[in-house]
Structure formats: C-alpha cells, structure tokens
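For the record, the sequence lines run as chains A and B. Numbered continuously in this note's numbering, the first sequence closes out at residue 363. Numbered continuously in this note's numbering, the second sequence closes out at residue 363. Idealized CB from N, CA, C, for every residue including glycine.
Protein chains: 2
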Amino acid sequence: MNGNSRDAAGNTARRPNVRRKTIYDVARLAGASPTAVSAVLNGSWRKRRISEALAERILKIAEDEGYSRNMQASALRRERSHLIGMLVPKYDNRYFGAIAEGFEAMARARDLFPIITCTLRDPRLELEAARAMIAHQVDCLVACGATDPDRITRICQASGVRSLNLDLPGKLAPSVISDNRGGAQALTAAILQGLRAAGKPLAPLLFVGGRAHDHNTAERIAGFRAAHADAGLAAPPELTLAAGYAPEKAEAAIAAFVAGGRNLPPGVFVNSTITLEGVVRWLKANDAYDTRAAHLGCFDWDPLASVLSENLLMVRQDVPAMLAALFALIDSGESRAAIIDLPTRFAGGG
Amino acid sequence: MNGNSRDAAGNTARRPNVRRKTIYDVARLAGASPTAVSAVLNGSWRKRRISEALAERILKIAEDEGYSRNMQASALRRERSHLIGMLVPKYDNRYFGAIAEGFEAMARARDLFPIITCTLRDPRLELEAARAMIAHQVDCLVACGATDPDRITRICQASGVRSLNLDLPGKLAPSVISDNRGGAQALTAAILQGLRAAGKPLAPLLFVGGRAHDHNTAERIAGFRAAHADAGLAAPPELTLAAGYAPEKAEAAIAAFVAGGRNLPPGVFVNSTITLEGVVRWLKANDAYDTRAAHLGCFDWDPLASVLSENLLMVRQDVPAMLAALFALIDSGESRAAIIDLPTRFAGGG
DNA sequence: CAATGTTGCTCAACCGATAGAGCATCCTTG
DNA sequence: CAAGGATGCTCTATCGGTTGAGCAACATTG
C-alpha cells in the first residue's frame, strides 16, 4: 500500500551542525552528575537536596551554554507533556480569534504549552487533528465548535486523554457554551423592536446561516421563534435558511428564496459574521441595502463591522467568561459531562 | 472505560487509568518483536524486509487495540520532531487568520505538525514563545510579523533550528514579505484619485496606525509619500500618526491631532483593519463620518468591512502567494538571508 | 558441495531527562 | 565515642520508539 510516503519536505533533515546541548554537556562542564543538572534545571533541586552553590554554578553554565531542555525527553519520562490542545473551526472571525488568544494566555499562565489547530469545520480533519494531538501526548484536549464533540471525546477516552467541549456541547464531556437560545431571543426581539421604532409594520424575520443540525443553530432558531411568539408573530419554517456558514451559501440561499417568488422580510437574523458578509453582499448587489433602512441582527460580534454599520445589532458571546469556566473545569480536574451555559451580551447598535 | 481519576482528592490530572498501548503491547499480541511493530507502524517495514503477512497482522492488531504512536518518543530517537512552529502577532484580523489557516494546511500536506502561537506583538512573549518552541524541538520556526526577527533567528541558530521570517523581514534568515511600499503607493494614489473623482480639492492625506520603527510601516509611509510626490503634493510629517495598531491609540492620535488646532485632511490612509476600527469610531463620534463622503484607504483586507462600506479602499496582501513562497524556501532547505517581496492586490472599493 | 546471496526477523544500544534508591560525609546527642 | 540523623550528591533503570548489526533459514550459483 504505502511503502514510502515519507519526507515530503524533500529531506531537508540534514543533521544539525550545531549539536544541541544536553544535561550531560552541562554536567561535564560543571563537574556534576546529570541528575544534579536535571534537578537544578527543572526546579526540583531543593527537594533533592542539591546545595545552593552547585545549583548556581549549574544555572550559570546552562545559561552560558545556551542549554534548552528537551521537552520530548522530559515528557517521555514524566508521562506528562504539559501540552494542552485545542481544536478550532476557523480563524476567520473575531470570536474564534478571541478564544484562541485567550486560551493561549490562560494555558501559559498555568505552565501549559497551548497547541491550537484549526479544522475548517471538516469532521474528518477534526478527527485526524484530534488523533495527531493525542499522538503528541497532549494532557488535555479542548474541542471548540466541533461538529461531533462526542466522537472526539471517545477517541480521547480510548487513550486516557481528558477532553472538554467549548462552544458546542457534547454528551460525554464537560461543555462550556453560550446561551444561544436566550441570546437569539433577545436579538430577535431587538430587531423587531427596531422595526417598531422605525414605524414599520411588524412581520416575521428571515433567519440566515448555520447548519440546522448543529446544536447552536438549533438553539438560536428556537430563540428566534420564541421571540416571534412573544411578539404575537408566527415564524414560518420557510423563512429559516440554515444552509451553512459560508458567505456564498447565504447569498445563494437568499437568491433562491427570492427566486421562489417570496418577498424579502423587513429584517434579517444572521447567524455569524461570515454569513453576514454574504447577506450584505446580496442586499447590496440587489439594491436592497441601505445602511439606515436595513434591520439586521447578527449572532456574532465584530467591532469593525459594528462601528461601520448604522443598524446592525450584534450579539457578543462572553469569551472571557467562557474561558474562565473552561479553565475552572480544567483546574478542578472535573470530567463528568455537564453543560455550563453562559449568557451573551449585546454589543453596539452601530 | 468508566469514570476517571482514582484519587479524587488532590492531584486529579495525574496518571491516566487507561494505560496507553505501546509497540510492546502490540508486539506481544502479534507474537512479534517491538522492532517489527515499529517498522510496520512507521512505514519503514518494506525497507526492513518485514513480510506482508506480518505487516497486515500487526496493522490489524494495532487498529483493534487503538494504538497511537507516541510522537515524543519517536521524535526523541529520530532527532526530528516533524513539528513546525509559527509565531503570529494576533488573531484579530483576517490577514493573520488566513496566514494561520494556510500555514496549517500546507504544513499538514507535508506531514509536518503545525504549532502556532500568538505573541500579542509583545517582544518578550515572542522570545519566550520561540524558546518554548525550540524546547519542544520544532524542526523549523517561522516568525511572522515579529517585532525583532533577527533576535529570534539568533536564538534558533544557537540551537541549530532553522528559522524563516514572514510579513516582516530580518537580516539573518530568509524573509517573505509583501511589497508594502508599492501597495501603499497604489493605495494612496487611489485615495487621491477618489478625491479628484468626487470633485474635491486635492490635499495631503492623513496616515494613521502602525509603528514608525517597524519595517512595514516605514515602507508604507515611503509609498504614501511617493504617491503624494507623484500627485505634486507634499506629505508633511505631522500628518503621519504611527502610534501603534490598537484602535484606542488611533482614536487618541486623531483626537490629539485635531486638538492641536489642525483641520482633518480630506482622506485617510489607515494602516490596518484594527486601526480602522479606531479611526471610524472617532469619525463617527465626531460627526465627521459619512459613508458616501469619507475617503478611506486601509492597508489590510477585511471582506466584511469591504462590503459594509461605500468608500473604503482596501489593500489585500497575497497570502497564498506568500505561503507558497515560504514553503518553497522550507522545502528547498534554503536558509540564506534574502527577501522575497510579493505584490499586493486591490480588493473592493465598497 | 561449498560459497554466496536473499529473506524475514530479533537484539541491544541508544535518544535526553527523571525518580527511586543508595552512599559517603558531617553533625548531633546521650 | 557509637548510634542516629541530616546533608549533598551519584548510580541506574526507565519512559516508547528507532536503528545498525546480526542471525537463522532457505535459495542460488559455480
């Protein structure tokens, strides 16, 4: 089958001309044992009763020689890598960007080395990436916005790796998510209120974006419908266009909707900033867009879009709170499945 | 495969109760040697003259047992980790997001495991992250948008790790960057042309954002000035506000500029989308903003901002070309310092 | 039939760091 | 001054995979 699929990088793997320093090199120069050097350099020297004098000598030599610990060897021996992995769908929006940045900072604050990889919302890539992370011995894996979190949890469990879910919940591991239903309900209500304030007739809104079968989109649709009910409106299913997140899909969905002979509703609930791009593009291309007249709401937050638009309502998920909850779970060692549902905030109306 | 850690008290994240499978486990079950198992599982079995029959038996058992290679151990022995690291300043814009996504995809296509970490434009964090990556034995490190690329290269060299620069050039390692000067010159010319087309009087533009001492900002200022010269305009230094990328800094800079008794120029060259946020916020807050009247240009590309604005010109750096050039260098093993300067593209005028 | 080659597999020595056990000294204390 | 303890350090096995060397068994050749 695959005899030789190796070294795609054209075998640039020449042996390094600079031999890496090891504890053995440092030990020789310090006239001490590798054990002593190891203890000094990993901080366990007090416990191991190494004298302050020797510790200082070793530290100085290590510094001078540019010694750098080989974490692979260290992790191998200690059966603990201090690596923490995270899977993220995309880097094309502020939400996941903020999650990635915050995750890294909080991991580092705990002396964990964060490894983040984006999986492009591709289920196969998600599994492959999870397996790769496990092979690299991550101590813990966070699946953020995964299409099938439970599948990932099962893979982790098989290798004894702890896993947690973020943004999208699973049934097999602790999950930290936003209150999508509540946020969507509030956003929908605000869009309707905008219509009222503008003296326009109330009518059911259009829902665009997301995947009907994913938890968050389902919850948002539920909130969307609840807000309609609260306003005494029906929310007919044909106004729900959840054909994916990509801008082109949103454009195509709206085009098909209109081509079906229907009138465009007076307001639109958009499921993400990336989808918003497609929605606005369609509206502009079809001369239906006017910054003052549009009644748009977006379940996602982008400060630049927010400041550039007049009538754009945005829901901001509370990334710091989500990460705080996530790391509280990680710190506590909790691994029972349970969902932590955090409230969202409103950000800007232009 | 039931609950989790045995010692509920104290150290929870301790030893996993699921003992990881090793080649020794598989070897025992297959009635073969660990050597044979290793060879089969890493693909070198043909070279090592293992029979097809044994290979298949081992593969099946490994699959059934859920074996997963310990990359730490593997990397330790082979002195090649197949890890490739990248430092990135921020995840708060599409440019670095696209770089991160593309980098991951191209690394994976080469059987390298990408490790990306964001350093928040913090020089200290950059060095710390570089050192951490080296400790984790990356085979190669890409410094993207680093504040001091040469410092990072020197650290890498001391450990025999290959390094490359992206987005911001260094003098000690190969660098792939955008033609910032040319892009800025074209963008500036386009803004001026917009003024002309709108029948407004030509006047020097304002330059906002970036750090005067970083290469890219310096180049962009040069291009900005060249375009002014081309149009027969002076570009007085007091119109150049390079006080950082953050939105608040841009707002503050403009506020100070105006407070100094000067009139706001008829058009603005903005150095990044993140800065644009601050610029627009100030313009709106001061009633100076009108989507149709504003003459804004941004050296950065954000499709949502682009589609939301009427008169916003954006320069799009050619991320795919940059990554292609980067990996061409990586694949070729090139490590001599040289700068590859790629043209930018225009994207959208609203 | 001996010499040589090929096939299929195993042995043992690593890679670098770490932890348990052990071993001299030196210091107390009765 | 011997027993007991503290101090300061080293020895050695080990984590899991990989690799050069080596060894039977069988096939081929002159």
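- Residue nearest to Pro127 (chain B) within the set B:Gly98, B:Lys103, B:Tyr80, B:His149 is B:Gly98 (criterion: CA-CA distance).
- By the Cβ neighbour-count rule, Ser64 (chain A) is exposed, with fewer than 16 other Cβ atoms within 10 Å of its own.
- DSSP lists no beta-bridge partner residue for Cys169 (chain A).
- From the beta-carbon of Tyr37 (chain B), no residue of chain A is found nearer than 8 angstroms; the closest lies around 14 angstroms away.
- Per the coordinates, the alpha-carbon of Ala265 (chain B) lies some 44 angstroms from the alpha-carbon of Leu252 (chain A).
- Contact annotation: in the region 144-155 of chain B, residues whose CB is within less than 8 angstroms of a CB in chain A are Arg144, Ala145, Ile147, Ala148, His149, Gln150, Asp152.
- Among the residues facing chain B, Gly257 (chain A) is not included, as its CB has no counterpart in that chain under 7 angstroms away.
- A distance of 7 angstroms or more separates the beta carbons of Val189 (chain A) and Leu181 (chain A).
- Linking Asn229 (chain B) to Leu140 (chain A) through their CA atoms gives a straight-line distance of about 39 angstroms.
- Annotation note: the region 181-264 of chain B contains the following uninterrupted beta strand (DSSP E) runs of length 3 or greater, listed N- to C-terminal: 188-191, 219-221.
- Considering only beta carbons, the part of the region 62-90 of chain A lying closer than 9 angstroms to chain B consists of Gly79, Ser81, Arg82, Asn83, Met84, Gln85, Ala86, Ser87, Ala88, Leu89, in chain order.
- Assigned with DSSP and collapsed to three states, Asp303 (chain A) falls in coil, not helix or strand.
- For Val292 (chain A), there is no enclosing beta strand (DSSP E); the residue is found in the alpha helix (DSSP H) stretching over 286-298.
- At least one CB atom of chain A sits nearer than 7 angstroms to the CB of Pro316 (chain B).
- Shortest Cα-Cα distance from Pro102 (chain B) to any of B:Leu54, B:Gly207, B:Thr130, B:Glu261 involves B:Thr130.
- Within chain A, the residues Thr130, Cys131 have their CB atoms less than 7 angstroms from the CB of Glu117 (chain B), given in chain order.
- Under the DSSP assignment, Gly98 (chain B) falls in the beta strand (DSSP E) whose first and last residues are 96-101.
- The beta carbons of Arg224 (chain B) and Ala197 (chain B) sit no closer together than 7 angstroms.
- Apart from sequence neighbours up to five positions away, the residues of its chain that approach Val271 (chain B) with a beta-carbon distance below 7 angstroms are Leu277, ordered along the chain.
- According to DSSP, residue pairing for Gly346 (chain A) in a beta bridge does not occur.
- Counted as a single uninterrupted DSSP element, the beta strand (DSSP E) harbouring Ala156 (chain A) occupies residues 153-157.
- Here His149 (chain A) is buried. Its C-beta has 16 or more other C-beta atoms within 10 Å.
- Its chain contains Ile36, Tyr37, Ala40 as the residues whose beta carbon lies nearer than 7 angstroms to that of Pro47 (chain A), once the 5 sequence neighbours on both sides are disregarded; these appear in chain order.
- Judged by DSSP in its simplified three-state form, Val320 (chain A) adopts helix.
- Residues of chain A whose Cβ lies closer than 7 angstroms to the Cβ of Gly110 (chain B) are, in chain order, Tyr104, Asp105, Gly110.
- In this model, Leu246 (chain B) and Lys297 (chain B) are separated by some 28 angstroms (Cα to Cα).
- Following the DSSP letters along the chain, one finds Asp354 (chain A) in no alpha helix (DSSP H) but inside the beta strand (DSSP E) bounded by residues 352-355.
- For Pro333 (chain A), the secondary structure class from DSSP, reduced to helix, strand or coil, is helix.
- Taking CB atoms only, Glu114 (chain B) has a neighbour in chain A less than 7 angstroms away.
- Taking a beta-carbon distance threshold of 7 angstroms, Ala268 (chain A) does not count as an interface residue toward chain B.
- Nearest CB-CB separation between Ala171 (chain B) and chain A: below the 7 angstroms threshold.
- In the structure shown, the three-state DSSP call for Val281 (chain A) is strand.
- With a minimum length of 4 residues, the unbroken runs of alpha helix (DSSP H) contained wholly in the region 47-101 of chain A fall at 47-55, 65-78, 84-91.
- Around Arg33 (chain A), the beta-carbon contacts reaching into chain B at under 8 angstroms are Ser172, Gly173.
- For Phe126 (chain B), there is no enclosing alpha helix (DSSP H); the enclosing beta strand (DSSP E) covers residues 126-131.
- Between the alpha carbons of Gly257 (chain A) and Leu219 (chain A) lies a distance of about 15 angstroms.
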